[in-house]
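Under UniProt numbering, the first residue of the first sequence carries the number 1, and numbering increases by one thereafter.
Report on the structure given below.
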Amino acid sequence: MAEDVKSLNFIEHIIEEDLRSGYAKDDLRFRFPPEPNGYLHIGHASSICLNFGLGLRYNAPVNLRFDDTNPTKEEKEYVDAIKEDVAWLGYTWDQECYASDYFQQLYDWAEELIKKEKAYVDSQSSEEIANQKGTPTEAGKESPYRNRSVEENLKLFEGMKNGEFEEGAHVLRAKIDMASPNMLMRDPVMYRILHKAHHRTNTDWCIYPMYDWTHGESDYIEQVSHSLCTLEFLPHRELYNWFLDQLVDSDKLRPKQREFARRNLSHTVVSKRKLLQLVESGAVEGWDDPRMPTISGLRRRGYTPESIRNFADTIGIAKRENVVDVSLLEFHLREHLNKIAPRVMAVLNPLKVVITNYHEGKEEWLDAENNPEDESAGTRKIPFSRELYIEQEDFREEANRKFFRLKLGGEVRLKNGYIIKAESCSKDSSGNITEVQCSYDPKSKSGSGTEESLRKVKGTLHWVSVPHAITAEVRLYDRLFTDATPDGHKEKDFMEFVNPESLTKITGYLEPSLQNAKVGDRFQFQRLGYFNVDKDSSDEKLVFNRTVTLRDTWAKLEQK
RNA sequence: UGGCCUAUGGUGUAAUUGGUAACACAGCUGAUUUUGGUUCAGUCGUUCAAGGUUCGAGUCCUUGUAGGCCAACCA
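What follows is the structure in structure tokens.
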């Protein structure tokens, strides 16, 4: 513990300070409060990791609370997806809560506020109320209904609850201060009438509480100690506290709200609205499209929960605006996949190689290491024969010394196999290379221990045996946006930056051991990248997603 | 032109609360390597500006500047 050198973020400093000033460690409790109106994305992951990370750090419970106060947008489908995503990230919540479970308590408290003349029923239209609100630089005007009697307010409020009025006929407002410099304090709406069925309470209620009236009170009911939200809620804190002031019991814990900056990721967007737009416009195929920065998209793409948690941990949390480079996410992804992904060979852009001095019809099963980073992963057998596929870009008729791959007259090692030498090549009528004829050194077999096998050859290529290869659809993903900050341009819509080449589907040739790969299985296709089996796979057809390429210093050299 | 928040390498985050500005990524060199992967070694580069307090300021004060948030019966 004393060796824990990890520095604290500002939230942890606040908690440590609270602890020092007498806060009992057992009183610590956190919550992750999603609204079930969409899918979770990488930005939420940061918040999830923050709250659940705090729970782990202080051994404190963390509730999963659905902020379900708006039946017009919320659905059970989203509740289920959110639970799946949080669990997949590896976290266990203490209680599964719903703001809708507190509707009765909230209603009772609202009546108390009316009795204390801290709330009133306003019967104006939303336009009228908006017009009276004033602006940030000028005070608002008081509603003509502001001073209704307690009795009348009580009666009207009950009528609202009982469904006696049309939507929009009345609202319940807190009576605070129409001249406050904080617009949120200008008699905010607490309840509106909505004749809509709710995903949990069905038609029990036809009035629904607003966010501000619900959130802090839910925290209080659950005795959440630190209620963490994003920066745009900072002005809400005054109102959060005002509501608590009206009803907090001094022998109960009083929650405190603190705000942090939402995390933005380069080359993507993290906003439910924009994500929805991508789905509805057909730019992607759904919420879990592997190009989406949703948790479900990242999962399908092949990301591991560990990599996302490490990423969240590294970027930390603060109060300033930020755009985290996606390469940091990819670093953590590769770091983890490098440790766990079995290596296999697959050729994506095949070029046939014929080993002219290898017997026709002969085949050998060679030993191949499954993961050089993990000895316990063991070895497997891969077939070798006279006809092989290598990558087109691994052969050139001529090339300089920097090109470590196959060229005419040059030698190269076939991974786990033999050293071969390119003797000649064939071309089609338009000059494209169609086949390379090579000779092999029979004594150079990998692992045989012979002098020849130990020879240093600069290049090593991956390959598959033509007669043994199986095929699969391989989906190559590139960044969804061509710009680092697609939604950071005032005069251009983010949709203009959608990368038209973010998905390429090709046929790949794979070593036969992949025949039995299961949906979700992750592999490193050697020298190419990490791939996983997509859920679109069937018994007849394998589909692989490219999760991320390997780091490629050769590609960088070539660009120069 | 009201109120509030923020400002540290290219990016993100730290700095024992006033005491040598550091960590990770990215970049660049080189070594190792049967993956141009991994690993290892090295390297580049930072406190928004101007004043002030102080022996000493990223940290405190003043004034600027820049960016963000706030006028939904959304959350």
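No residue lacks a Cβ here, since even glycine has one placed at the ideal position from N, Cα and C.
In this structure, DSSP gives PHE544 an extended state, which the three-state scheme calls strand. Using a Cβ distance threshold of 8 Å, PHE66 and TYR107 do not count as a contacting pair.
Bounds of the beta strand (DSSP E) holding ARG413 are 411 to 414.
Excluding its 5 nearest sequence neighbours in each direction, LYS407 has C-beta neighbours in its own chain below 8 Å: PHE395, ARG396, GLU397, GLU398, ALA399 and ALA422, listed in chain order.
Of all alpha-carbon atoms in GLU112, MET160 and TRP93, the one lying nearest the alpha-carbon of VAL150 is that of GLU112.
A direct Cα-Cα distance of roughly 11 Å separates GLY163 from ARG192. Residue burial annotation: ASP539 is exposed, with fewer than 16 other C-beta atoms found within 10 angstroms of its C-beta.
Contact check for LEU172 and ALA110: beta-carbon distance about 6 Å, within the 8 Å limit, so the pair qualifies. Inter-residue distance for HIS13 and TYR58 is about 13 Å (C-alpha atoms, whole angstroms). In the assembly as shown, HIS195 is an exposed residue. Its beta-carbon has fewer than 16 other beta-carbons within 10 Å.
If you draw a 10 Å sphere on the C-beta of ASN357, you find fewer than 16 other C-beta atoms in it, and that means exposed.
With 16 or more neighbouring CB atoms inside 10 Å of its own CB, MET345 falls in the buried class. Residues ASP67, THR69, ALA99, TYR102 and LEU106 of the same chain have their beta carbon placed closer than 8 Å to that of THR214, with the five preceding and five following residues left out of the count. Taking one beta carbon from each stretch, the stretch 293 to 308 and the stretch 38 to 45 have 3 or more pairs nearer than 8 Å; the two touch. A direct Cα-to-Cα measurement between SER266 and VAL324 gives close to 6 Å. DSSP lists ARG65 as the bridge partner or partners of CYS97. Residue pairing by DSSP places VAL436 opposite VAL353 and CYS425 in a beta bridge. Around the C-beta of MET185, 16 or more other C-beta atoms lie within 10 Å, and the residue is accordingly described as buried. Take the alpha-carbon of GLU387 and the one of THR450: they are about 24 Å apart. Residue ranges of uninterrupted beta strand (DSSP E) with 3 or more members, entirely inside the stretch 359 to 411 and ordered along the chain, are 363 to 369, 379 to 385 and 387 to 391. Following the DSSP letters along the chain, one finds VAL79 in no beta strand (DSSP E) but inside the alpha helix (DSSP H) bounded by residues 76 to 88. By the beta-carbon neighbour count (other beta carbons within 10 angstroms, threshold 16), ILE506 is exposed.
Within the same chain, and ignoring the five residues on either side of LYS458 in sequence, the residues whose Cβ sits closer than 7 Å to its Cβ are PHE404.
Taking the C-beta atoms as reference points, PHE32 is found no nearer than 8 Å to VAL224. Counting only runs that start and end inside the stretch 281 to 316, there is no beta strand (DSSP E) element of at least 3 residues. Judged by DSSP in its simplified three-state form, SER537 adopts coil rather than helix or strand.
Sixteen is the threshold: since fewer than 16 other Cβ atoms of the shown chains lie within 10 Å of the Cβ of PHE10, the residue is exposed. Annotated as proximal: LEU28 and ALA60, with beta-carbon spacing under 8 Å. Distance from the CA of MET210 to the CA of MET190, rounded to the nearest whole angstrom, comes to 5 Å.
Of the other Cβ atoms in all chains shown, fewer than 16 fall within 10 Å of the Cβ of ARG20; this residue is therefore exposed. No Cβ-Cβ contact shorter than 8 Å links PHE243 with ASP219. Contact between GLU96 and LEU56 does not hold, since their C-beta atoms are separated by about 18 Å, which reaches or exceeds 8 Å. Three or more beta-carbon pairs separated by less than 8 Å link the stretch 360 to 376 to the stretch 333 to 349, which places the two stretches in contact. Ranked by how close their Cα comes to the Cα of THR304, the residues ARG334, GLN277, SER327 and THR314 have ARG334 in first place. MET183 counts as exposed, since fewer than 16 other C-beta atoms from the protein chains shown sit within 10 angstroms of its C-beta. The count of Cβ pairs closer than 8 Å, one atom from the stretch 116 to 125 and one from the stretch 78 to 93, stays below three, leaving the stretches out of contact.
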